[in-house]
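Enquirer: Just dropping this structure here.
Number of protein chains: 2
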Amino acid sequence: MDQRLDLITLGVRDVAAAAAFYESVGFERRHDLGTIVFLPTTGTALALYGWEALAADTGLPALGEGFRGVTLAMNLDSAADVDRTFADWVAAGATAVRAPEAKEWGGHSGYVADPDGHLWEIAHNPSRALMRIDEHGRLRLTPPVTR
Amino acid sequence: MDQRLDLITLGVRDVAAAAAFYESVGFERRHDLGTIVFLPTTGTALALYGWEALAADTGLPALGEGFRGVTLAMNLDSAADVDRTFADWVAAGATAVRAPEAKEWGGHSGYVADPDGHLWEIAHNPSRALMRIDEHGRLRLTPPVTR
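First to last, the sequence lines map onto chains A and B. If you're matching positions, the first sequence starts at 104 in the working numbering and goes up one per residue. If you're matching positions, the second sequence starts at 104 in the working numbering and goes up one per residue.
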């Protein structure tokens, strides 16, 4: 058993529309098979797949409104970058869920929902105690600290 | 705007219990702040945070039962590895949602739910047309194919 997290699949109402949305906020539509689209990221790759088809693949009923217990996050270089990216996502069709604001953990962040309700936190974290962005733009958790 | 996906936060009912579960299936509890735990993966890092606290952080009501529209996936080296890992996760307290089976896309996969209902697909994909695992154990989407 190891630490693999290889793919995140988001259930979406319209695969083509969802792919167009993610392209419009800066992602690349790497493989588009019609029923499923794969997009690279700085971390785990994303897949976009029909909500009903994905539910059927798991064998579960296609329920689930309200908070779904998952947030995806992007970590930017400044509070100004957060505000700008938040506005860009909303201009591209995302829903403004919570406007960026100063957080008690020292950062600046807000939440948008993509057109299918998947939540993204757009954040700036000035601390390097727990994590930093490496030279490839990937978030790295720092080594454990003895406290 | 770029392709950052830096952190995936899962809402959980009991942060300590969830962290113990992920340790028991092979992940590392890198930073444990009590209210939130950070775990490295081969891709995007995972965070475990209280379901109600995460809902409150987004500003949304803490609803959401049934299928939540998100699956996480790990891609293993063989069908036998899939069966073994599936059994290991269930032995560690995960729910067997769909037993591993041959899939129409040519692979072998099944679904487990972690103790908070987050779905993981445990899969083997023999094709290298769309993706392959690199020397660091990370899934890489292959370059686009002209069709």
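Built from N, CA and C at the ideal position, the CB exists for glycine as well.
Buried or exposed for Pro-229 of chain B, please, with buried defined as at least 16 other CB atoms from any protein chain shown within 10 angstroms of its CB.
Expert: It counts as exposed.
Enquirer: Identify, in the order they occur along the chain, each residue of the same chain with its Cβ nearer than 7 Å to the Cβ of Ala-195 of chain A, setting aside the five sequence neighbours on each side.
Expert: Phe-124, Ser-127 and Val-128, listed in sequence order.
Enquirer: From this set, A:Phe-130, A:Arg-133, A:Asp-217 and A:Asp-237, which residue's C-alpha is nearest Thr-174 of chain A's C-alpha?
Expert: Minimum Cα distance to Thr-174 of chain A is reached at A:Asp-217.
Enquirer: Checking the sheet assignment: what are the DSSP bridge partners for Trp-208 of chain B?
Expert: Paired residue(s): none; Trp-208 of chain B is not in a bridge.
Enquirer: Chain B beta carbons: is any one of them nearer than 8 Å to that of Ala-176 of chain A?
Expert: Ala-176 of chain A counts as touching chain B.
Enquirer: Does the beta-carbon distance from Thr-147 of chain A to Asp-109 of chain A come in below 8 Å?
Expert: Against a cut-off of 8 Å, the Cβ pair of Asp-109 of chain A and Thr-147 of chain A comes out as a contact.
Enquirer: For Thr-138 of chain A, is the classification buried or exposed, using 16 other Cβ atoms within 10 angstroms of its Cβ as the cut-off for buried?
Expert: The residue in question, Thr-138 of chain A, is exposed, as its Cβ has fewer than 16 Cβ neighbours within 10 Å.
Enquirer: Which residues does DSSP pair with Val-215 of chain A in a beta bridge?
Expert: According to DSSP, which records beta bridges pairwise, Val-215 of chain A is partnered with A:Ala-199 and A:Trp-223.
Enquirer: Use the C-beta contact count for Thr-188 of chain A: other C-beta atoms within 10 angstroms, 16 or more gives buried, fewer gives exposed.
Expert: That one is buried.
Enquirer: Less than 8 Å between CB atoms is the rule here; does Asp-217 of chain A satisfy it with respect to chain B?
Expert: It does not; no Cβ of chain B falls within 8 Å.
Enquirer: Can you tell me whether Asp-117 of chain B is helix, strand or coil according to DSSP?
Expert: Reduced to three states, the DSSP call for Asp-117 of chain B is coil.
Enquirer: Excluding five sequence neighbours on each side, which residues of the same chain lie with their C-beta closer than 8 Å to the C-beta of Thr-245 of chain B?
Expert: Within the same chain, Thr-245 of chain B has close Cβ partners Arg-231, Ala-232, Leu-233, Met-234 and Arg-235.
Enquirer: Can you name the residues that DSSP bridges to Tyr-152 of chain A?
Expert: Paired residues: A:Gly-114 and A:Ile-139.
Enquirer: So His-99 of chain A and His-227 of chain A are supposed to be a Cβ contact under 8 Å. How far apart are they, rounded?
Expert: Because chain A spans 104 through 250 in this model, residue 99 of chain A falls outside it and cannot be assessed.
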